[in-house]
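In the numbering used here, the protein residues as written are 3 to 107.
Beta carbons: idealized from backbone N, C-alpha and C, even for Gly.
Below is one structure, written out as structure tokens; the observations come after it.
Set out below in structure tokens:
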């Protein structure tokens, strides 16, 4: 069953566009990743991502084992990591791209 990983964190850092592209290329190689949407709220200096993984095991391998240390190393605070099951039937009706895979880097 697909799993959404929702990540939010606070940071004053504004990563350079090229740095984000390089990071995206590395993330795209994560086993089980279907896609990621990068999110920003400049006013509150909050950033994050919405990820779709094939399953909870794949999501937790990234969200529990790798991501927190990467974020902390970049000075992120107030890190929130949450996992959600996906209601595939209703999501497909509302055009969710559940079958899409991460682009190869």
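Element boundaries [alpha helix (DSSP H), containing residue i]
i: residue 91; result: 90-95
i: residue 28; result: 19-29
Alpha carbon of residue i to alpha carbon of residue j, nearest angstrom
i: residue 11; j: residue 94; result: 29 Å
i: residue 97; j: residue 15; result: 34 Å
i: residue 89; j: residue 79; result: 31 Å
i: residue 44; j: residue 31; result: 28 Å
i: residue 101; j: residue 51; result: 18 Å
i: residue 99; j: residue 36; result: 9 Å
i: residue 42; j: residue 48; result: 6 Å
i: residue 65; j: residue 23; result: 19 Å
i: residue 74; j: residue 25; result: 15 Å
i: residue 70; j: residue 92; result: 31 Å
i: residue 58; j: residue 20; result: 30 Å
i: residue 7; j: residue 46; result: 21 Å
i: residue 87; j: residue 61; result: 11 Å
i: residue 3; j: residue 13; result: 32 Å
i: residue 68; j: residue 38; result: 15 Å
i: residue 63; j: residue 54; result: 13 Å
i: residue 28; j: residue 40; result: 14 Å
Rounded Cβ spacing between residue i and residue j (contact assumed at less than 8 Å)
i: residue 85; j: residue 9; result: Wrong, their Cβ atoms sit about 10 Å apart, outside the cutoff.
i: residue 56; j: residue 77; result: About 31 Å separates the two Cβ atoms, so there is no contact after all.
Where the beta strand (DSSP E) containing residue i begins and where it ends
i: residue 8; result: 5-12
Discussion item. Give the list of continuous alpha helix (DSSP H) stretches no shorter than 4 residues that lie fully inside the stretch 40-100.
Written reply: 58-65, 69-75, 90-95
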